[in-house]
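Enquirer: Pasting a structure here, questions to come.
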Amino acid sequence: MVKKYVIFKDDDVGRNFKNFKKWIDAILNNDAKAAVGLIGKYIKNNKLKNYLNLLNKEQIEVFCHGYSHSHIPFLLRKLNKKNRILPVEFNRNFKSHDSSLKKFRKLERKYLKSKVITFGPPGNIWNDSVIDALLKNHFKLMFSWRKTKHDILIIPLSNNLRQNSLKEFIKVYEKNNKDLIFTLQFHHANLSEKQFNLTAEVIDFLKNNESRIFVTPSELLKISKNDKKIFNLMAPENIK
218 MVKKYVIFKD
228 DDVGRNFKNF
238 KKWIDAILNN
248 DAKAAVGLIG
258 KYIKNNKLKN
268 YLNLLNKEQI
278 EVFCHGYSHS
288 HIPFLLRKLN
298 KKNRILPVEF
308 NRNFKSHDSS
318 LKKFRKLERK
328 YLKSKVITFG
338 PPGNIWNDSV
348 IDALLKNHFK
358 LMFSWRKTKH
368 DILIIPLSNN
378 LRQNSLKEFI
388 KVYEKNNKDL
398 IFTLQFHHAN
408 LSEKQFNLTA
418 EVIDFLKNNE
428 SRIFVTPSEL
438 LKISKNDKKI
448 FNLMAPENIK
């Protein structure tokens, strides 16, 4: 039987600690796993730091979600002509990207007990110079909607949890149900009560109906070393 994997990816750790803890409780209470994206500048918060260090890294793995998660106003005409605020921390130049990652690493070494190997850009927005900065700062994986021609492995993104019922989720999930790696993105700070409850239902559905195996980024990296199909899904475009 072909093994299919799932990663729950939660962004913006450092914002709305109450909601973050509530979401983590849903993961732990339902025997799942998750990757949580830490905004580096918030790790000095003692409550957050202590909580992250108490979590079992085999079940909840921290990834880098930038240092500042900085934004600029940007007009997206295709999205109903509304003003949108977009992250730009990793859509600049190598020097800027390297500086942000170095700041994150410095705080990580000081405050976190476990080493971070995965990067997920704020807003999933990045340019090619990010890759050189990631490699220089010893990152091994990156969450992304698209592949890269550079030497870093990609964890492909699949969907965001925006639905309010399991029926709605399944309808969206059907587009990806054959994917060997399914990554579901969350923003704990924005979840409604219905979506918190839905998290548990989705876990049950993916585990028991779809026979998906919950993994962390580190586990997926290990799997990719022995599973060519998984490796090919994650490998740079220039590697066959």
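Each residue of the sequence shown is one higher than the last, beginning at 218 in my numbering.
Here a beta-carbon is modelled for each residue, glycine too, at the ideal position from N, C-alpha and C.
Among the residues of its own chain, which have a CB less than 8 Å from the CB of V432, if the five just before and after it don't count?
Expert: Y222, V223, I224, K250 and I440
Enquirer: For L265 versus L318, is the C-beta spacing smaller than 8 Å?
Expert: no
Enquirer: Is the region 304–317 touching the region 238–253 in the sense that three or more CB pairs, one from each, lie closer than 8 Å?
Expert: no
Enquirer: Which residue wins for smallest C-alpha separation from R232, given the options L438, R326, I241 and A406?
Expert: A406
Enquirer: Is the separation between the beta-carbon of I387 and that of F356 shorter than 8 Å?
Expert: Contact: no.
Enquirer: Which residues share a DSSP beta bridge with N377?
Expert: Q402
Enquirer: Hey, how far is the Cα of Y458 from the Cα of F321?
Expert: Since the first residue of the chain shown is 218 and the last is 457, residue 458 is not available in this structure.
Enquirer: How would you label L415, buried or exposed, when you count the other beta carbons within 10 angstroms and need 16 or more for buried?
Expert: buried
Enquirer: Measure the C-alpha to C-alpha separation of T365 and G337 and round it to an integer number of angstroms.
Expert: 14 Å
Enquirer: Does the structure place the region 389–399 close enough to the region 362–377 that three or more beta carbon pairs sit under 8 Å?
Expert: Under the Cβ criterion (8 Å, minimum of three pairs), the region 362–377 counts as touching the region 389–399.
Enquirer: Rounded C-beta distance between L245 and V279? I'm assuming under 8 Å.
Expert: About 15 Å; that fails the 8 Å criterion.
Enquirer: If you run the structure through DSSP and keep just helix, strand and coil, what is M195?
Expert: With the chain covering 218 to 457 only, the question about residue 195 has no answer from this structure.
Enquirer: Return the bridge partner residues of K327 from the DSSP annotation.
Expert: The secondary-structure analysis by DSSP pairs K327 with nothing; it has no beta-bridge partner.
Enquirer: Could you check whether H282 and V219 sit closer than 8 Å to each other, using their CB atoms as the reference points?
Expert: no
Enquirer: So, at 6 Å on beta carbons, what are the nonlocal neighbours of F307 in its own chain, with the 5 sequence-adjacent residues on each side left out?
Expert: H314, P338, W343 and V347
Enquirer: Give me whichever residues DSSP pairs with T335 in a beta bridge.
Expert: L358
Enquirer: According to the Cβ coordinates, are D228 and H404 closer than 8 Å?
Expert: yes
Enquirer: What is the rounded straight-line gap between the Cα of K353 and the Cα of E391?
Expert: Counting only the Cα atoms, E391 lies some 38 Å from K353.
Enquirer: Rank V305, I369, I372 and K261 by C-alpha distance to the C-alpha of R326 and give the top, closest one.
Expert: Comparing C-alpha distances from R326 to each of V305, I369, I372 and K261 shows the shortest one belongs to K261.
Enquirer: Within this structure, are the beta carbons of W240 and L408 separated by less than 8 Å?
Expert: Taking C-beta atoms as the reference points, W240 and L408 count as a pair closer than 8 Å.
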